[in-house]
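J.: Below is a structure I'd like to ask you about.
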Amino acid sequence: MLKKLIVTLLLSILTTAALADYPLKIIPLKYRSAEELIPVIRPMLGAGENVGGMNYQLFVRASDQGLRDIELLLAELDRARKNLRITLQQDVARSGGSESQGVSGAGRAGNVRIILPGKEPSGSGGLVIGGRQEDSLRYQITRSTGSGQDNTSQFINVLEGAPAFIRVGQSLPYVQRFLAFAGNRIVYGQDTQFLNVTTGFEVLPRLNGDRVELEIAPRLSFVGNRGVQDVNFQELRTTVSAKLGEWVDLGGINASRDEISRAILETASAQSGERGAVRLKVEEGR
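Okay, here's the thing in structure tokens:
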């Protein structure tokens, strides 16, 4: 079967080259396969020139100058691949704050007693107007702030020109409830599913001297305060060129949200913000 395939390839090259009197040359390869190199060589061929091959052999029909150009190209490309170490950092910082203020208590206007219901005061804070406990107004303001941060660092060793993939996380169960008809009855049931909350990236590096071009798609996900009902994630896909050993920023996010609610003699506001950044570094592996 292998011999038949080689004969077929050679016949194809001989047939194509019938219009040109170029000798057939078989070029052995050391590190790269013919399937990798043929798409790179083919665009540089002239009229009547052709290239084929399989495994670690190239079958070439080309002019003397064409052969020299191909051999110069192979001297650059047909070399041992380098191991690369790719480190990816994904950082998310969150901050938030809230403020509420309102008036509660009771007071009299002539023979009329006015009651202002409100939230139970926390502690003894607030401004109290009035002398007696039953006839006093309380103005209270409450503020709270909070912050959190997620920092993820991952690395993977990969051969240049080869795709790599890394992902870590957890599978979280969640229950789906449903109603179904069974004859003339309605049946209640539930089904347990699993949601993958993962962080990682896919990458394809190509080395060119001391620079590397990467096709990369990082993803960061984490569970919020409400568990599986509150899963946050960030994802991007890009192609960048970086110098070996230097950190490169891939992207980031800046988000903020303001909420205001009002009631009679009460007001509340909340603010939240989120900042995220993704960066990477590529080094020669050991």
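Read left to right, the sequence shown gives residues 886 to 1171 (my numbering).
Virtual Cβ for every residue (Gly too), placed ideally from N, Cα, C.
Indicate the three-state DSSP secondary structure (helix, strand or coil) for residue 1098 in the structure shown.
T.: Here residue 1098 sits in strand by DSSP.
J.: I'd like to confirm the pairing. Which residues does DSSP put opposite residue 1026 in its beta bridges?
T.: 986, per the DSSP bridge assignment.
J.: With 16 other CB atoms within 10 Å as the buried threshold, where does residue 1064 fall?
T.: Under this definition residue 1064 is an exposed residue.
J.: Can you have a look at residue 936 and say buried or exposed, based on whether 16 or more other CB atoms are within 10 angstroms of its CB?
T.: Residue 936 is buried by the Cβ-count criterion.
J.: Here's the rule I'm using: 16 or more other beta-carbon atoms within 10 Å means buried, otherwise exposed. How should residue 1009 be labelled?
T.: Model confidence at residue 1009 stands at a pLDDT of 47, short of 50, so the residue's coordinates are unreliable; what they give is reported in the following sentence. So residue 1009 counts as exposed.
J.: The beta strand (DSSP E) that contains residue 1087, what's its start and end?
T.: Start and end: 1070-1093.
J.: Out of 1040, 1073 and 1078, point me to the one whose CA is closest to residue 1056's CA.
T.: Comparing Cα-Cα distances from residue 1056 to each of 1040, 1073 and 1078, the minimum goes to 1078.
J.: Applying the 10 Å Cβ sphere with the 16-neighbour rule, what's the burial state of residue 957?
T.: Exposed, because fewer than 16 other Cβ atoms sit within 10 Å of the Cβ of residue 957.
J.: CB residue 1127 to CB residue 1088, shorter than 7 angstroms?
T.: Not closer than 7 angstroms, so no.
J.: Looking only at DSSP bridge pairs, what is residue 1103 linked to?
T.: Looking at the DSSP assignment, residue 1103 forms a beta bridge with 1086.
J.: In terms of residue numbering, what span does the beta strand (DSSP E) encompassing residue 1122 cover?
T.: Note, residue 1122: premise wrong, no beta strand (DSSP E); not H, not E.
J.: How many angstroms separate the CA atom of residue 1105 from the CA atom of residue 949?
T.: Between residue 1105 and residue 949, the C-alpha separation is close to 54 angstroms.
J.: Should residue 1026 be labelled buried (16 or more other beta-carbon atoms within 10 Å of its own) or exposed?
T.: Per the 10 Å Cβ criterion, exposed.
J.: How would you call residue 934, buried or exposed, if buried means at least 16 neighbouring beta carbons within 10 angstroms?
T.: Flag for residue 934 reads buried.
J.: Rounded to a whole number of angstroms, what is the C-alpha to C-alpha distance between residue 1131 and residue 1165?
T.: So the two alpha carbons sit approximately 8 angstroms from each other.
J.: Does residue 1042 have its Cβ less than 7 angstroms from a Cβ in chain C?
T.: Protein chains in the displayed structure number just one, and chain C is not present.
J.: Can you list, in chain order, the stretches of the beta strand (DSSP E) that have 3 or more residues and sit fully within the segment 907-944?
T.: You should have 909-913 and 935-939.
J.: List the endpoints of the continuous beta strand (DSSP E) containing residue 1064.
T.: Counting along the chain, the beta strand (DSSP E) containing residue 1064 begins and ends at 1049-1067.
J.: Quick check on the DSSP output: the alpha helix (DSSP H) that includes residue 961 runs from which residue to which?
T.: Residue 961 -> alpha helix (DSSP H) spans 949-962.
J.: At the level of alpha carbons, what is the spacing between residue 941 and residue 916?
T.: Rounded to the nearest angstrom, the two C-alpha atoms are 8 angstroms apart.
J.: With distances taken from CA atoms, which of 1090, 981 and 1082 is nearest residue 1158?
T.: Selected option, being the one with the closest Cα: 981.
J.: Secondary structure at residue 1131, three-state DSSP: helix, strand or coil?
T.: Note: residue 1131 maps to coil in three-state DSSP.
J.: How many Å lie between residue 1174 and residue 1034 at the Cα?
T.: The chain is shown from 886 up to 1171; residue 1174 falls before or after that span and cannot be answered.
J.: Rounded to whole angstroms, what's the CA-CA distance from residue 1053 to residue 1083? Just pull it up for me.
T.: Approximately 5 angstroms, taken between the alpha carbons.
J.: How about residue 1103 and residue 969: are their beta carbons less than 7 angstroms apart?
T.: No.
J.: Where does residue 970 sit, in a helix, a strand or coil, going by DSSP?
T.: Of the three classes helix, strand and coil, the one that applies to residue 970 here is strand, per DSSP.
J.: Which of the three DSSP states, helix, strand or coil, is assigned to residue 1045?
T.: Here residue 1045 sits in coil by DSSP.
J.: Using the C-alpha atoms, what's the distance from residue 965 back to residue 1120?
T.: Each residue's Cα considered, the two are about 33 angstroms apart.
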